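In the numbering used here, the protein residues as written are 4 to 84. Glycine included, C-beta positions come from ideal geometry on N, C-alpha and C. Please read these numbers as outputs of a predicted model, since none were measured by experiment.
1. Any idea what DSSP makes of residue 23, helix, strand or coil?
2. Starting from residue 68, trace the alpha helix (DSSP H) both ways and give me its first and last residue.
3. Report the rounded CA-to-CA distance for residue 15 versus residue 30, giving the unit in angstroms.
4. According to DSSP, is residue 12 part of a helix, a strand, or is it coil?
5. Alpha carbon to alpha carbon, how far is residue 35 from residue 60?
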């Protein structure tokens, strides 16, 4: 192969490593796509759980921010003598 590369113009010879890297990336693409597909499927199955967690967190936040009513004083004021 090296003998054939020497016959090519120098600018193509300089790109040989890039071409080889591109080949390696393209060879890995099917497994990358398969992994991403599995990851997306798992993520989509988790959406309902995420919605539940989001609602719970929102409820907790709303309850923590709810102002105290007059029936529930935070600190009892001392009565004057």
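Walking through what the data contain:
1. Looking at residue 23 - three-state DSSP - the assignment turns out to be helix.
2. Taken as a continuous stretch (DSSP letters only), the alpha helix (DSSP H) holding residue 68 covers 50-68.
3. 22 angstroms
4. coil
5. 35 angstroms
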